[in-house]
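Be aware that the first sequence starts at 5, since it is given in our numbering, and climbs by one per residue. A quick write-up on the structure given underneath.
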Amino acid sequence: MPSLVWTEWRHLPLAEEISPKLLQEQLDGGQSFRWQGLPDDIWRGVLGSCLIEVRAARGGLDWRGWEKQVDAGRMLRSYFDAEGKQALAVDQLPWRSDKVLASAIKNFSGLRILRHDPHETLIGFLCSSNKRIIQIKLMVATLARTMGEHIVDDYYAMPTWARLARATDAELKACALGYRAAFIRGTAQRLEARPHWVDEMQKLSTTELLVELQKLPGVGPKVASCVALFGFGRLESFPVDTWVVQALASAYQLKRWKPEQLAEFGKTHFGASAGLAQQYLFASARAGLLSVATDVKPRTLKRKSKKSPKRRG
DNA sequence: ACCCAGGTTGTCA
DNA sequence: TGACAACATGGG
């Protein structure tokens with residue numbers, strides 16, 4: 005069995021500086037579920053079949069990989085948008101006329117959308133419903149360890165759809181997926197018969213892409229939006245999750261708006277870079293940094309009901 | 001014991 | 001269409 009020997013640390017220049025705090029938000033803030041934090045602000049993760057460590061450094065990132073792998077550097081340049089293409093996209097957001105957005109951008113200045121692998125993104129967000137990020141990370145890690153190709157030590161690639169399609173009930177059960185196991189299996193059975201689905205879907209318009217993704221079991225509007233944004237790099241895609249619902253309700257006075265309506269609001273208000281706006285709002289909301297206009301705290305409004313089941317009518 | 005979690009699906013009216 | 005509960009599992 006090969007042993008884990010790291011390459012020397014190398015430098016990856018980025019168009020913009022990145023701080024340790026920002027790196028943490030990007031790698032562990034719900035875009036990817038594959039990174040683990042180590043001491044000294046180092047992050048270790050598996051991308052595709054590459055095992056990688058990164059840390060913030062002046063002018064960009066320092067990184068190293070398992071010595072027996074190649075091409076990781078090229079992938080990282082894309083992954084972190086080394087050319088800085090997203091800077092323009094951020095500038096195109098309506099922050100000049102939107103103080104809430106301006107504040108959110110300032111909170112996490114330099115935050116970018118990772119260019120993640122569509123396949124891995126889909127698996128991750130198929131696991132995401134009704135789960136915290138930490139739990140999603142655990143499910144994804146277990147899927148890899150159970151059915152993914154071994155890389156080195158305790159590191160594994162994500163399983164292929166073909167492998168997932170023929171996973172036994174026991175294997176899926178061991179991954180603690182709960183009811184999401186049927187999502188994974190169902191989608192796997194569809195996609196194993198469609199090996200070029202990424203290339204095919206990349207050709208679609210974003211609207212068409214969202215429709216196509218939602219034909220897969222376990223993929224609704226929110227998961228599709230995340231896959232389009234993080235996996236296919238569609239910066240206009242605007243995922244509406246519980247945090248965004250709360251953020252828009254409080255900071256934008258959009259109480260009682262349904263997710264579908266909020267998605268439409270995001271699309272029209274934030275425009276071609278709506279996904280980036282979403283990520284700033286999401287991060288700010290999670291950090292408790294959004295100016296909550298007086299009220300709106302749904303959880304405090306909920307009172308426990310009596311023992312009889314709730315009815316409405 | 002109870003509530004909630006980067007939602008989706010099935011099932012009622 | 002549109003609202004709502006069920007869905008498995010783990011942590012606070």
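Just so you know, even glycine gets a beta-carbon here, dropped at the ideal spot from N, CA and C.
For the beta strand (DSSP E) containing residue 67, name the first residue and the last one. 64-69
Please indicate yes or no: does the CB of residue 239 lie closer than 7 Å to some heavy atom of the ligand PLP? Because no ligand of any kind appears in the structure shown, any question about the ligand PLP cannot be addressed here.
For a test of the three-state rule: what should DSSP assign to residue 93, helix, strand or coil? helix
Rounded to the nearest angstrom, how far is the Cβ of residue 97 from that of residue 274, given a contact under 8 Å? 6 Å
Using CA atoms only, rank isn't needed, just tell me which of 24, 288 and 74 is closest to residue 10. 74
Which stretch, first to last residue, makes up the alpha helix (DSSP H) that contains residue 58? That residue, residue 58, is in no alpha helix (DSSP H); its beta strand (DSSP E) goes 54-61.
Please classify residue 7 as buried or exposed, where buried requires at least 16 neighbouring CB atoms within 10 angstroms. exposed
Tell me, which residues are paired with residue 17 by DSSP? 64
Of the listed residues 45, 127 and 151, nearest to residue 28 (C-alpha basis): 45
Just the Cα atoms here: how many angstroms apart are residue 52 and residue 128? 13 Å
Shortest alpha-carbon distance to residue 133 belongs to which of 185, 169, 105 and 119? 185
Taking the straight line between their C-alpha atoms, what separation do you get for residue 138 and residue 87? 30 Å
Would a C-beta distance cut-off of 8 Å place residue 239 and residue 228 closer than the cut-off? no
From the DSSP output, in three-state form, read off residue 155 for me. strand
Straight-line CA distance for residue 282 to residue 250? 12 Å
Look at the Cβ atom of residue 319, then the Cβ atom of residue 192, and state whether they are nearer than 8 Å. Outside the shown range of the chain (5 to 317) lies residue 319, about which nothing can therefore be said.
Proximity of residue 94 and residue 288 at Cβ, strictly below 8 Å: no
With the cut-off set at 8 Å, would you say residue 64 and residue 16 are in Cβ contact? yes
Decide if residue 2 is buried, meaning its Cβ has at least 16 other Cβ atoms within 10 Å, or exposed. Because the chain here runs from 5 to 317, residue 2 falls outside it and cannot be looked at.
Does DSSP put residue 316 in a helix, a strand or coil? Note that residue 316 scores 29 on pLDDT, short of 50, meaning its location in the model is unreliable; the coordinates nonetheless yield the value given after this. Reduced to three states, the DSSP call for residue 316 is coil.
Do you know how far the Cα of residue 122 is from the Cα of residue 24? 26 Å
To the nearest angstrom, how far is it from the Cα of residue 233 to the Cα of residue 13? 30 Å
With 16 other Cβ atoms within 10 Å as the buried cut-off, status of residue 189: buried
Helix, strand or coil for residue 49? Go by DSSP, reduced to three states. strand
By Cβ distance below 6 Å, which residues in the same chain neighbour residue 202 in space, the five residues on each side in sequence not counted? 122
Could I get the ranges of all uninterrupted alpha helix (DSSP H) runs contained in the segment 150-219, with 4 residues as the minimum, in chain order? 165-169, 173-178, 184-195, 201-206 and 210-217
Within a Cβ cutoff of 7 Å, which residues of the same chain sit near residue 243, ignoring the five residues on either side of it in sequence? 226, 229, 230, 233 and 282
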